[in-house]
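The next block holds one structure in the form of structure tokens; read it before the comments.
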Ligand code: GDP
Ligand code: ZN
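In my numbering, the protein residues as written are 302 to 759.
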């Protein structure tokens, strides 16, 4: 962390402005080599946290590269807690790269993905769950995703975890006192009281683990597979849902060789819908191929939207498909309900007992509101509506599960009146898991994993 890093902090391409960010001990000396305030002003009189107008010049040729606003941040009052300089220039990819090159030539090193946030974490400005929340905020695709990331960034989860951590630490210090002064060994009543305290923490951890379902839905949305034989209207349905979404952001292109994935927001949540038949639509497509793709899509799906054509009778392909989705979470959709019905509901109900099918029309939009209602309700089934801390990642869930497992041993040993040393070992294990979750202790590999998910410049 001794060196000074720099990167373009805005997306590459053309836009209104771009920002080159520099962080580290030499941020200001490096920027000073390139920046000329206008009207002229001595570099050491440029105030922090104020935008100063000026030019970036090539130090060799003195040629002006861009007209910019510069903001200087003094450690520790910056994103990274280091000295930081932001150069706000015009939004062209070449000019941004050119300024960055001059900054690098003047002594900075190109930042790794997420390195600014990594420094913020290493300098103690954010804990690990807050650093993760920065990535979540950037990737947020719905209001719930955004709200959950903001709450985590502001420290809601950290606060809860730190509270639990401190309570366990208090129990540990009682134990350690008893270990240091064995003549005053703990009475059984004291151990019982400690077991009670640990149980209370354990209960709260279990409640936190139970929020993972909600947290995952907020952060990642639901994976939905659109399945059905060719020509039943899968792509039309996907387009109709996208239209309802009226997305304010450009669609997320996830097209791969034979699968099309689209993000669709429903109210404050979002779905990742995979259209299995994807790009190829030949009706003569061999059945096995269709089934193979369907199977693969179903593996990763939280829910399948099974599309049938209501305007033609059930055939062998439909039956194959219905066998395939049997027992999996799915909604049965009878599309083309704007046309005369040919599909025999009775036969369908016999072949596929369970949830009543929903009549829709991708063309007229009939039934889509009901479909969205049902999807929304199903997603939030069993999710408490409270505003409490929520965990959002498998990393959180695993660490909490490990902690509560160690705490179960602690309680057992206390109840069984086992030695204090034994209890302390398990209690330490639980503390390590909670501490690791917050980043109090960490291994480089974990940091690499977390920060690799970031873009360069964040
Ligand atoms: P996919 O192969 O399952 O993706 O089916 P498509 O979405 O490509 O639709 C196949 C054909 O059915 C197209 O000609 C659509 O215009 C038509 N279609 C799709 N949905 C409806 C609907 O709700 N009503 C009617 N009448 N036609 C539809
Ligand atoms: Zn299609």
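Cβ coordinates follow ideal geometry from the N, Cα and C atoms, glycine included.
This structure is a prediction, so every number in the text was calculated from the model and none was measured.
- Item | Close-in-space but distant-in-sequence residues of the same chain around residue 644 (CB under 8 angstroms, 5 per side omitted) | The answer, listed in chain order, is 609, 610, 611, 612, 613, 614, 615 and 635.
- Item | Other residues of its chain near residue 302: CB distance less than 6 angstroms, five sequence neighbours each side excluded | None.
- Would you check if the segment 419-427 and the segment 351-358 touch, i.e. whether three or more CB-CB distances between them fall below 8 angstroms? Result no; under three Cβ-Cβ pairs closer than 8 angstroms.
- Query: Would DSSP call residue 376 helix, strand or coil?
  - Reply: Three-state result, residue 376: coil.
- Message: Check for me: the beta strand (DSSP E) holding residue 387 runs from which residue to which?
- Response: Start and end: 385-391.
- Message: Is the beta carbon of residue 320 closer than 7 angstroms to that of residue 392?
- Response: Not in contact: residue 392 and residue 320 (Cβ atoms no closer than 7 angstroms).
- In angstroms with no decimal places, state the Cα-to-Cα distance between residue 598 and residue 387. In this model, residue 598 and residue 387 are separated by some 45 angstroms (Cα to Cα).
- Query: Taking the C-alpha atoms as reference points, what is the distance between residue 435 and residue 413?
  - Reply: If you take the alpha carbons of residue 435 and residue 413, they lie about 16 angstroms apart.
- Task: Flag residue 403 as yes when its Cβ comes closer than 6 angstroms to any non-hydrogen atom of ligand 2, and as no otherwise.
- Result: Ligand 2 has no heavy atom closer than 6 angstroms to the beta-carbon of residue 403.
- Query: In whole angstroms, what separates the C-alpha of residue 364 from that of residue 310?
  - Reply: Those two C-alpha atoms are separated by around 24 angstroms.
- Message: In whole angstroms, give me the CA-to-CA distance for residue 361 and residue 403.
- Response: If you take the alpha carbons of residue 361 and residue 403, they lie about 10 angstroms apart.
- With 16 as the cutoff for other CB atoms within 10 Å, does residue 744 come out buried or exposed? So residue 744 ends up on the exposed side.
- Item | Where the alpha helix (DSSP H) containing residue 729 begins and where it ends | First-last of the alpha helix (DSSP H) with residue 729: 721-739.
- Run of the alpha helix (DSSP H) containing residue 501, from where it starts to where it stops: Taken as a continuous stretch (DSSP letters only), the alpha helix (DSSP H) holding residue 501 covers 489-510.
- Query: Hey, residue 724 and residue 715: beta-carbon distance below 7 angstroms or not?
  - Reply: Contact flag set, yes.
- Query: Per DSSP, which one or two residues make a beta bridge with residue 414?
  - Reply: DSSP lists 757 as partners of residue 414.
- Query: Does the Cβ-Cβ distance between residue 441 and residue 450 come in under 7 angstroms?
  - Reply: Closer than 7 angstroms, so yes.
- Query: So does the segment 681-701 actually touch the segment 515-523, counting three or more Cβ pairs closer than 8 angstroms?
  - Reply: Three or more beta-carbon pairs separated by less than 8 angstroms link the segment 681-701 to the segment 515-523, which places the two stretches in contact.
- Would you say the beta carbon of residue 544 comes nearer than 6 angstroms to a heavy atom of ligand 2? Because no heavy atom of ligand 2 lies under 6 angstroms away, the Cβ of residue 544 does not count as near it: no.
- Task: Locate the beta strand (DSSP E) running through residue 665, then write down its first and last residues.
- Result: That residue, residue 665, is in no beta strand (DSSP E); it is neither H nor E in DSSP.
- So what's residue 653 in DSSP terms, helix, strand or just coil? Per DSSP, reduced to three states, the secondary structure at residue 653 is coil, with no helix or strand assignment.
- Near residue 521, what residues of its chain come up, given a Cβ to Cβ distance below 7 angstroms and the 5 sequence neighbours on each side ignored? Closer than 7 angstroms at the Cβ level, and outside the excluded window around residue 521, lies no residue.
- Query: Going by the C-beta, is residue 535 closer than 6 angstroms to any heavy atom of ligand 2?
  - Reply: For ligand 2, at least one heavy atom lies less than 6 angstroms from the Cβ of residue 535.
- Query: Whole alpha helix (DSSP H) runs in the segment 408-479 with 4 or more residues, listed along the chain?
  - Reply: Scanning the segment 408-479 for uninterrupted alpha helix (DSSP H) segments of 4 residues or longer gives 416-423, 429-440 and 444-454, listed from N- to C-terminal end.
- Message: Taking the alpha helix (DSSP H) that residue 528 belongs to, which residues open and close that run?
- Response: Per DSSP, residue 528 belongs to no alpha helix (DSSP H); it is in the beta strand (DSSP E), 523-528.
- Within 10 angstroms of its Cβ, does residue 504 collect 16 or more other Cβ (buried), or is it exposed? That one is exposed.
- Spatial neighbours of residue 558 in its chain, beta-carbon cut-off 7 angstroms, leaving aside the 5 residues before and after: Only weak support is given to the placement of residue 558: the predicted model assigns it a pLDDT of 44, under 50, and the value that follows is read from those uncertain coordinates. Within its own chain, no residue has a Cβ closer than 7 angstroms to the Cβ of residue 558 once the five positions on either side in sequence are excluded.
- Leaving out five residues on either side along the sequence, give the residues of the same chain with a beta carbon under 7 angstroms from the beta carbon of residue 399. Here the set comprises 366.
- Query: CB residue 572 to CB residue 533, shorter than 7 angstroms?
  - Reply: Contact flag unset, no.
- Task: State the Cα-Cα distance for the pair residue 667 and residue 661, rounded to the nearest angstrom.
- Result: Between residue 667 and residue 661, the C-alpha separation is close to 5 angstroms.
- So residue 337 is in the beta strand (DSSP E); what residue range does that whole segment cover? Per DSSP, the unbroken beta strand (DSSP E) holding residue 337 starts and ends at 336-338.
- Figure out for me which residue from 701, 700 and 728 has the closest Cα to the Cα of residue 712. Measuring from the Cα of residue 712, the nearest candidate turns out to be 728.
- Pull up the distance between the alpha-carbon of residue 305 and that of residue 469, whole angstroms please. Rounded to whole angstroms, residue 305 to residue 469 spans 39 angstroms at the Cα level.
- Query: Sorted by chain position, which residues of the same chain lie with C-beta nearer than 7 angstroms to residue 359's C-beta, five sequence neighbours on each side aside?
  - Reply: Same-chain partners within the cutoff: 366 and 403.
- Item | Residues near residue 380 by beta carbon distance below 7 angstroms, same chain, minus five either side | If you ignore the 5 residues before and after residue 380, its C-beta comes within less than 7 angstroms of the C-beta of 417 and 421, all in its own chain and listed in chain order.
- Query: Since residue 610 sits in a beta bridge, which residues does DSSP pair it with?
  - Reply: 636, per the DSSP bridge assignment.
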